[in-house]
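Before any comments, here is the structure.
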Amino acid sequence: MGHMDHFSAGWATPVLSYVMACVGSALGLRCTVRALDADGASKRNWLLLASFAIGSGIWTMHFVAMMGFGVEGTPVRYDVPLTVLSLVLAIAVVSAGVFTAGYGRSRVMSVVFGGLGTGVGVAAMHYTGMAALNLHGAVEYHPLLVAASVAIAVVAATAALTLTLIVRGPALTVAAALVMGLAVSSMHYTAMFAVRVRLAPSSAELPGVTATEFLFPLAVLLGSFLFLASAYVALSPTGKRAESVATELLREVELSTETTSEPAAATIATGTA
Numbered sequence: 228m229g230h231m232d233h234f235s236a237g238w239a240t241p242v243l244s245y246v247m248a249c250v251g252s253a254l255g256l257r258c259t260v261r262a263l264d265a266d267g268a269s270k271r272n273w274l275l276l277a278s279f280a281i282g283s284g285i286w287t288m289h290f291v292a293m294m295g296f297g298v299e300g301t302p303v304r305y306d307v308p309l310t311v312l313s314l315v316l317a318i319a320v321v322s323a324g325v326f327t328a329g330y331g332r333s334r335v336m337s338v339v340f341g342g343l344g345t346g347v348g349v350a351a352m353h354y355t356g357m358a359a360l361n362l363h364g365a366v367e368y369h370p371l372l373v374a375a376s377v378a379i380a381v382v383a384a385t386a387a388l389t390l391t392l393i394v395r396g397p398a399l400t401v402a403a404a405l406v407m408g409l410a411v412s413s414m415h416y417t418a419m420f421a422v423r424v425r426l427a428p429s430s431a432e433l434p435g436v437t438a439t440e441f442l443f444p445l446a447v448l449l450g451s452f453l454f455l456a457s458a459y460v461a462l463s464p465t466g467k468r469a470e471s472v473a474t475e476l477l478r479e480v481e482l483s484t485e486t487t488s489e490p491a492a493a494t495i496a497t498g499t500a
């Protein structure tokens with residue numbers, strides 16, 4: 228068995244990966260709340276942004292953490308198509324869970340099925356990403372730890388949606404994001420402790436790319452998107468606030484129209500006299 232190191236870069240990778248998971252979760256959960264106060268295309272767009280935020284957030288968390296992963300006795304490479312597939316899969320499966328939560332008539336059932344879909348999306352992303360690993364040997368898994376990692380993902384996603392959709396409030400949304408970020412990180416490292424590598428020493432060149440060649444630039448790109456989108460959502464008015472702003476603007480337009488029409492009417496009256 229090959230000796231694995233999950234923290235070869237020190238505590239930088241677990242801390243940064245946790246931050247990315249929290250940012251993605253906070254943005255996604257906040258967008259889901261916005262969707263509940265919207266209708267039509269606006270509702271759909273908020274849910275799409277929520278799906279992309281959570282999916283890309285957990286993907287970024289996973290691969291930032293994987294930058295600290297190494298196996299003694301073999302280099303590690305990543306298959307690009309499978310790595311991209313893990314991102315697409317994360318967004319797609321999380322999207323199913325988020326849309327279920329957003330459009331469900333029963334809030335309880337929405338949370339249950341939404342949490343299940345989102346949790347399964349987290350697990351599917353992780354194990355698809357692990358399938359992208361290329362090394363001199365075979366990757367094996369401890370079944371009980373795999374099951375535990377999936378259970379952690381589902382329970383955490385359900386708890387986060389419960390805090391966000393049933394017990395409403397900005398403070399609880401932040402708490403839900405911290406809980407979900409911690410759970411996603413816990414799921415990741417639980418799943419990684421389930422890994423066993425059976426080495427098969429070889430001098431052959433491994434296919435794929437290193438983490439710094441492909442994963443780091445993409446993680447930086449997605450991370451930048453998450454931070455900018457979070458700032459936009461935080462600064463943009465809520466549904467009620469947006470309605471209030473629109474009402475105020477309409478009132479100002481009506482007042483300015485009345486003010487303009489009064490002098491015009493007086494001028495016409497004078498000319499007539």
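If you read the sequence shown in our numbering, its first letter stands for residue 228, the second for the next number, and so on.
The beta carbon of each residue, even a glycine, is placed where N, CA and C say it ideally should be.
C-beta atoms of residue i and residue j nearer than 8 Å
i, j, result
"residue 362", "residue 305", "no"
"residue 327", "residue 344", "yes"
"residue 320", "residue 358", "no"
"residue 282", "residue 247", "no"
"residue 255", "residue 239", "no"
"residue 293", "residue 386", "no"
"residue 453", "residue 280", "yes"
"residue 338", "residue 372", "no"
"residue 410", "residue 378", "no"
Rounded separation between residue i and residue j - CA only
i, j, result
"residue 340", "residue 260", "17 Å"
"residue 461", "residue 404", "14 Å"
"residue 432", "residue 233", "23 Å"
"residue 369", "residue 446", "28 Å"
"residue 450", "residue 408", "14 Å"
"residue 480", "residue 269", "With a pLDDT of 46 at residue 480, under the threshold of 50, the modelled position of that residue is not reliable, and the figure given next carries that caveat. Distance between the alpha carbons of residue 480 and residue 269 is about 25 Å."
"residue 476", "residue 264", "Because the pLDDT of residue 476 is 40, which lies under 50, any placement of that residue in the model is unreliable, and the number read from its coordinates should be weighed accordingly. Roughly 21 Å between the two C-alpha positions."
"residue 235", "residue 329", "40 Å"
"residue 312", "residue 346", "17 Å"
"residue 308", "residue 250", "26 Å"
"residue 310", "residue 244", "17 Å"
"residue 374", "residue 413", "13 Å"
"residue 266", "residue 417", "39 Å"
"residue 367", "residue 258", "38 Å"
"residue 382", "residue 459", "29 Å"
"residue 444", "residue 303", "17 Å"
"residue 419", "residue 353", "10 Å"
"residue 455", "residue 325", "21 Å"
"residue 286", "residue 436", "17 Å"
"residue 402", "residue 231", "33 Å"
"residue 448", "residue 262", "25 Å"
"residue 430", "residue 440", "21 Å"
Inter-residue CB distance, residue i and residue j (contact presumed, cutoff 8 Å)
i, j, result
"residue 298", "residue 229", "5 Å"
"residue 356", "residue 290", "7 Å"
"residue 578", "residue 317", "Only positions 228 to 500 of the chain appear in this structure, which leaves residue 578 out of reach."
"residue 336", "residue 415", "Rounded, the Cβ-Cβ distance is 28 Å, inconsistent with contact."
"residue 428", "residue 300", "7 Å"
"residue 384", "residue 342", "4 Å"
Test: residue i CB closer than 8 Å to a CB of chain C
i, result
"residue 427", "Given the protein chain composition of this structure (a single chain), no chain C is represented."
Per-residue burial, residue i [other beta carbons within 10 Å of its own, 16 or more giving buried]
i, result
"residue 442", "buried"
"residue 473", "Confidence at residue 473 is low in this model, with a pLDDT of 39, below 50, so the placement of that residue is unreliable and no value is reported for it."
"residue 314", "buried"
"residue 333", "exposed"
"residue 390", "buried"
"residue 365", "exposed"
"residue 241", "buried"
"residue 376", "buried"
"residue 322", "buried"
Closer than 7 Å: residue i CB and nearest the ligand NAP heavy atom
i, result
"residue 343", "The model on display carries no ligand, and the ligand NAP is accordingly not part of it."
Quiz item: Does the stretch 415-433 come close enough to the stretch 273-282 to have 3 or more Cβ pairs within less than 8 Å?
Solution: Under the Cβ criterion (8 Å, minimum of three pairs), the stretch 415-433 does not count as touching the stretch 273-282.
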